[in-house]
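In my numbering, the protein residues as written are 1 to 169.
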């Protein structure tokens with residue numbers, strides 16, 4: 001009984017140490033992942049605080065609108081789909097009831113605000129601080145036309161989660 005007890009105790013001790021090491025290793029790996037997610041969240045929130053955009057509705061036609069989005073903050077607004085960064089435009093108007101649609105859009109031009117310097121959106125697909133983009137917004141085919149003299153609310157949602165709203169008739 002003396003030798004077998006020592007061997008069994010040694011095996012149990014080795015198993016306990018191995019199990020404890022595995023648990024601590026897994027715990028430290030998970031803590032590193034949580035720390036990275038936390039820092040990315042804090043970083044994105046701090047960037048979100050530096051984003052400021054405004055929107056102006058220039059014209060409203062039956063199934064389309066022209067808007068201007070100005071970047072008055074200190075972070076660039078990317079207009080192309082870079083690593084799942086996406087901007088959305090929501091259009092709401094009264095057509096016997098209030099309706100809202102997620103609209104498609106195309107960037108017509110980008111220019112420095114208040115200046116005659118203009119950029120081609122195919123090569124300059126970002127609204128840098130102090131720039132503005134002229135955007136053509138298209139309603140989906142399932143959406144009814146915007147009635148004449150109807151108030152239209154447009155919301156531009158940036159990939160940072162910051163929104164700009166504008167109204168037009």
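Positions of the beta carbon are idealized from the N, C-alpha and C atoms, including for glycine.
key: Buried versus exposed call for residue 36 [16 or more other C-beta atoms within 10 Å across all chains shown]   = Indexing the chain shown from 1 puts residue 36 at position 36. Classification for residue 36: exposed.
Cβ neighbour criterion (16 or more within 10 Å) applied to residue 50 = By one-based count along the chain shown, residue 50 stands at place 50. Exposed, because fewer than 16 other Cβ atoms sit within 10 Å of the Cβ of residue 50.
Host beta strand (DSSP E) of residue 55 (start-end) = Stepping through the chain shown from its first residue, residue 55 is reached at position 55. It spans 53 to 60 - the beta strand (DSSP E) in which residue 55 sits, taken as one unbroken run.
message = By alpha-carbon positions, which one of 40, 11 and 109 ends up nearest to residue 66?
response = Taking the chain shown and counting its residues from 1, one reaches residue 66 at position 66. Residue 66 has its Cα closest to that of 109, out of 40, 11 and 109.
key: Pick from 118, 145 and 133 that is closest to residue 76, judged by C-alpha positions   = Locating residue 76 in the chain shown gives position 76, counting from the first residue. The candidate whose alpha carbon is nearest that of residue 76 is 133.
query = Whose C-alpha, out of 61, 24, 15 and 13, is nearest the C-alpha of residue 171?
reply = Outside the displayed span of the chain (1 to 169) sits residue 171, for which this structure offers no information.
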